[in-house]
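First up is the structure itself, then whatever we jot down about it.
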Amino acid sequence: MKDLKKIRDEIDEIDRQIVALYEERMQRTTEVAEYKISVGRQVLDRKREKEKLELVKGQAKEENRFGVGELFEQIMAMSRKRQYQLLRQHGQRPELGFQEVDELPFHTQRIVYQGTEGAYSQLAMKAYFGDDVQGYHVDTWRDAMEAIQEGKADYAVLPIENSSAGIVGENFDLMLEYDNYIVAEQTIKIEHALLGLPDTEISDIRTVYSHPQALMQSVDFLDGHKEWERVPVENTAVAAQMVVREQKKEWAAIASEVTAGIYGLKILKDNINYSDENSTRFIIVGGRRLRLKGAGKVSICFEVSHESGSLYRMLSHFMFNSLNMVKIESRPIKDKSFEYRFFVDLDGDLGSGALQNALKGLMEEALYVKVLGNY
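So for the sequence shown, the numbering used here puts the first residue at 5; every next one is plus one.
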């Protein structure tokens, strides 16, 4: 039996040879890229890669074929990524169409949000644009997106995720359905309160109304009152309006303390959400591809083929270009059972070479890509 040190020394020598061969192969990759640039050919050649993988696996012993296939798949992937870098250096950048601006331009001077006065979306709007902003509300998030598309408003304020309850899936889907783009974001702390009529006591309550996420975020408090019926409505402020309109002492709403002041309701119990760190991130959406100077986050969506390793291959573009992925979410694709599209947030800006390299690769290799915003 060989000594362990001797075996390791032999492995080190083999690895040295592998490194030298890898560098030689990448030099050939550079030559391939230069040829493709000169004749205008795309980087990915699926037929060539499939044939190559079958060839190298056939050259290996049976017990090593899977590993050899995986190794060469990675080598070819790294070769493609190197070629995307060279393409960008030769001026072949992805066509993204985003315009850098110093400040957000206005046409109508109006901002739209879903809900009614006192909704958290209104609070987010004022937190970002200021108390003097001209805002108006609509019934649904889709209505808000329509208002942007029709030119009735410059920007819409939409909740995208809550730190406790998770994402607002419908708004992810709407970002693909409409040709609108994220231009900014605003995070506000969510502090739910139980609101009732001025002469109501907690002992009077029989039914509680609020947005489904607000009910979810207050579940610990509500579980202490199993006898209460929980009724979801489209918005927290709408719930407060219902209590005022119906004037029923047995009704209560879960909404913000600001909402209580707007509608003259009594705060029966404050801070009823189960997390002290509960906050919601809102996106500011407009109809033009704008990015504010100094933007540091990019949101994209992509679809991949429904096969093993396809997601990893797309994410590897971020790793190869040293990009930090801060979030990934999946959403089901309509009319495709158990197939998903992916939403990713990355640190960086669209002007950087690293992001352009990654997007060049993603746009060539994914089934579908949309840059949702740089903000």
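By construction, the Cβ of each residue, glycine as well, lies at the ideal position given by its N, Cα and C atoms.
Nearest-angstrom Cα separation, counted from residue j out to residue i
i              : j                 : result
glycine 228    : glutamate 181     : 41 Å
leucine 100    : alanine 169       : 33 Å
glutamine 78   : aspartate 13      : 26 Å
isoleucine 266 : tyrosine 379      : 32 Å
asparagine 275 : aspartate 208     : 20 Å
leucine 8      : isoleucine 15     : 11 Å
isoleucine 337 : phenylalanine 347 : 12 Å
proline 236    : glutamine 126     : 20 Å
leucine 19     : isoleucine 11     : The sequence shown places aspartate at residue 19, not leucine. C-alpha separation (whole angstroms): 12 Å.
valine 247     : glycine 119       : 15 Å
arginine 50    : arginine 84       : 11 Å
threonine 33   : valine 43         : 15 Å
arginine 249   : aspartate 349     : 42 Å
glycine 365    : asparagine 325    : 11 Å
glutamate 150  : histidine 111     : 16 Å
Residues bridged to residue i (per DSSP)
i                 : result
histidine 141     : Tyr117
methionine 329    : Leu350
lysine 255        : It should be noted that the sequence gives tryptophan, not lysine, for residue 255. Tryptophan 255 is bridged to Thr211.
arginine 285      : Glu165 and Thr191
tyrosine 132      : Note: tyrosine 132 sits in no beta bridge, so no partner.
histidine 196     : Ser260
arginine 234      : Val212
phenylalanine 306 : Phe346 and Val373
arginine 295      : Glu104
glycine 290       : Tyr159 and Tyr185
proline 336       : Tyr344
Three-state secondary structure (DSSP) of residue i
i              : result
glycine 170    : strand
tyrosine 372   : strand
histidine 321  : helix
proline 109    : coil
lysine 54      : helix
lysine 85      : helix
glycine 377    : strand
isoleucine 266 : helix
isoleucine 276 : coil
Neighbourhood of residue i by C-beta distance below 7 Å, restricted to the same chain and skipping five residues each side
i              : result
arginine 234   : Val212, Leu219 and Leu226
aspartate 135  : none
isoleucine 271 : Ala197, Leu199, Glu261 and Ala264
tryptophan 232 : Ile209, Arg210, Thr211, Val212 and Leu226
tyrosine 132   : Ala188, Gln190 and Ile288
Cβ of residue i within 9 Å of any chain C Cβ
i            : result
glutamate 66 : In the displayed structure, chain C is absent; only one protein chain is listed.
Beta-carbon proximity list for residue i, same chain, < 8 Å, skipping 5 on both sides
i             : result
tyrosine 278  : Ser168, Gln221, Ser222, Val223, Asp224 and Phe225
glutamine 63  : Val72
leucine 371   : Phe306, Glu307, Val308 and Ser309
glutamine 381 : It is not possible to answer for residue 381, since the shown part of the chain is limited to 5 through 379.
Own chain, CB closer than 6 Å to residue i, minus 5 neighbours either side, in chain order
i           : result
alanine 148 : Val116, Gln118, Val142 and Ala160
Specify whether the segment 87-94 and the segment 357-373 touch according to this definition: at least 3 beta carbon pairs, one from each stretch, less than 8 Å apart.
With contact defined as three or more Cβ pairs closer than 8 Å, the segment 87-94 and the segment 357-373 are in contact.
Check whether the segment 187-199 and the segment 276-294 are in contact - that is, three or more C-beta pairs closer than 8 Å.
As far as the Cβ criterion goes, the segment 187-199 touches the segment 276-294, which means the pair count is three or higher.
Taking one C-beta from the segment 328-345 and one from the segment 40-57 each time, how about it: are there three or more such pairs within less than 8 Å?
With a cut-off of 8 Å on Cβ pairs, the segment 328-345 is not in contact with the segment 40-57, counting fewer than three such pairs.
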